[in-house]
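The opening residue of the sequence shown carries number 1 in full-length UniProt numbering; numbering runs sequentially from there.
The C-beta atom is built at its ideal place from N, Cα and C for all residues, glycine as well.
This one's a predicted model, so the numbers in the text were calculated from it and none came from an experiment.
One structure below.
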Amino acid sequence: MLKAYKYRIYPNEKQKKQLAKTFGCVRFIYNYYLSMKKEIYETEKKSLSKIDCNNHLNQVLKKDNKYSWLKEVDKFSLTNSIYNLDTAYQNFFTEIKKGNNNQGYPRYKSKKNNYKSYKTNFTNNNIEVDFINNKIKLPKLKWIKAKVHREFHGKIKSATISKTPTNRYYVSMLVETQIEPLSQNNNKIGIDLGITDMLIDSNGNKIPNPKTLYKYEQKLTKEQRKLSKKERGSKNFHKQRIKVAKVHEKTTNIRKDYLHKLTFNIISENQVIITESLNVSGMIKNKNLSKAISDVSWSEFTRQLEYKSDWYKRTYHKIDPFYPSSQHCNNCGYKNQKTKNLSIRNWTCPECNKEHDRDINAAINILNQGLNELQIA
Ligand SMILES: [Zn+2]
């Protein structure tokens, strides 16, 4: 399945210059071959195919010193411009055959058109997306700063780079996604976020935080503390800031990798997945660092569940953020105010005598509350 992913890019001055040059060359090629096609048709009653034009471009035009600047831009952009011209002709002839005379003859591209774009093709990793560091690599431009808000898995086929009249730059990636469908099942799961454990589910499983992640998070805390003691703007401050950035990147990679495996397993095994919503106001108030770190994992975890549910046709739902999931007995519904105290890990329901593990009880309540909200019995 081919899917398009569009991202905003932030080229630097040098890259902007290269982009402007490419937009210009693409327009030039389009207009040049439009003229040539017209002329050959009028004089010899022959039509030039896109292959003819492309051969002429490579064998004649690019070898002519007058046009040596054509060699400075992405070669695919020029070929694609010829292909675009061909499509314009095809459309024109199709409409004429249908008897529609309103379809105009292909027109010259004006310099004054403020919307500019060109297309390039993927070959030998000339196009890459760095999801972690928010960068996109394009032919002749190297890495460009980008806002990669959505992740994809699959092979990049092509990229279309555009510039809007408001001077914003975008790249739209065409990706062959290989999503193997998963078979449907009847399993439903509720998941609670933990601090000691990463996740606790309604089946009674507790998934610990990975040890390597813990190790790096400790290291990150240590390096950040060191940074805070350096004089801002000093050489040492700069050095330390790079060190922090590197540990941060490593930590993020380990976390994402671990969460990818985890979310894939959850999605594979369950048809309905219910979680809490991340309590943002609680997050700001809480200065506890281990809590802050688990919040980062939690938002990444829910983000992955969200798009993977979409891919694999699962139901993912976040419950009402004000629902007190740890206070109710999942057996009889009794509300135990004492569980507001986070140090209470186990309790026995005074109504029905059921013994509860605090987190597993919460996960079961999350599941039940979610099914209620979804109106799934
Ligand atoms: Zn009870």
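In terms of alpha-carbon separation, which member of the options lies closest to residue i?
i    : options                : result
P350 : R358, N126, N341, C332 : C332
H153 : Q18, L174, R168        : L174
A20  : G104, K111, T87        : K111
L193 : T164, Y323, S297       : S297
M36  : C53, P165, L141        : C53
K6   : N346, V171, C352       : V171
F23  : E39, K163, W311, Y312  : K163
E176 : K3, R168, H356         : K3
Q218 : H248, N236, K230       : H248
Q327 : E42, K313, I364, T302  : I364
S183 : Y67, I267, Q240        : I267
F301 : K239, T348, T252       : T252
K126 : F76, N346, Q90         : Residue identity differs from the one stated: residue 126 is Asn in this sequence, not Lys. Answer by Cα proximity: F76.
A245 : A88, I132, C352        : I132
Y41  : Y216, Y89, N65, C352   : Y89
T166 : W311, R303, N113, I179 : N113
K226 : R241, Y214, Y216, K235 : R241
Within a Cβ cutoff of 7 Å, which residues of the same chain sit near residue i, ignoring the five residues on either side of it in sequence?
i    : result
Y316 : I273, L305, E306, S309
T196 : none
I344 : K338, R358
E269 : N187
L34  : L85, P106, Y108
K243 : E223
Q18  : K140, L141
T212 : I254
Y67  : L61
E231 : F237
D74  : T22, T120, P139, K140
Y323 : Q369
Within a Cβ cutoff of 6 Å, which residues of the same chain sit near residue i, ignoring the five residues on either side of it in sequence?
i    : result
V361 : The amino acid at residue 361 is misidentified as Val; the sequence shows Asn. If we look at N361 and ignore the five residues flanking it on each side, its Cβ neighbours are N330.
N80  : K119
I29  : L78, S81
E128 : K137
D86  : K50
P210 : Y258
V26  : S77, S81, Y118
K335 : Q327, H328
Ordered along the chain, which non-local residues of its own chain (more than five positions away) have a Cβ less than 8 Å from that of residue i?
i    : result
I319 : I274, T275, E276, S277, S325, I366, Q369, G370, E373
V280 : Only weak support is given to the placement of V280: the predicted model assigns it a pLDDT of 49, under 50, and the value that follows is read from those uncertain coordinates. So no residue of the chain qualifies.
I207 : D197, M198, L199, I200, D201, L262
D130 : I136, K137, W143, V148
F122 : K155, I156, K157, S158, A159
K145 : I9, Y10, P11, N12, N134, K135
K71  : K62
G104 : F92
N185 : E269, N270, Q271
Can you name the residues that DSSP bridges to residue i?
i    : result
Y170 : R8, S162
E355 : T348
E176 : L2, K155
T120 : A159
D197 : P208
Y316 : I273
K145 : Y10, K135
K260 : In the sequence under discussion, the amino acid at residue 260 is His, which differs from the Lys named in the question. Per DSSP, none; premise fails for H260.
S191 : The residue you asked about is not Ser; residue 191 is Ile in the sequence shown. Answer by DSSP bridge pairing, in chain order: D201, T275.
E373 : Answer is none; E373 lacks a bridge partner.
Exercise. Just checking, does the segment 259 to 266 make contact with the segment 218 to 235 on the three C-beta pairs under 8 Å criterion?
Worked result: no
Exercise. How about the segment 195 to 203 and the segment 154 to 164: do they share at least three Cβ pairs that are nearer than 8 Å?
Worked result: no
For this session: Name all residues in chain order for which at least one heavy atom of ligand 1 lies closer than 6 Å to the residue's CB.
Result: Per the Cβ criterion, the list is C329, N331, C332, Y334, C349, E351, C352, K354.
For this session: For the segment 7 to 21 and the segment 46 to 61, state whether three or more C-beta atom pairs, one from each stretch, are separated by less than 8 Å.
Result: no
Exercise. Are at least three pairs of beta-carbons, each pair with one atom in the segment 108 to 128 and one in the segment 37 to 49, less than 8 Å apart?
Worked result: no
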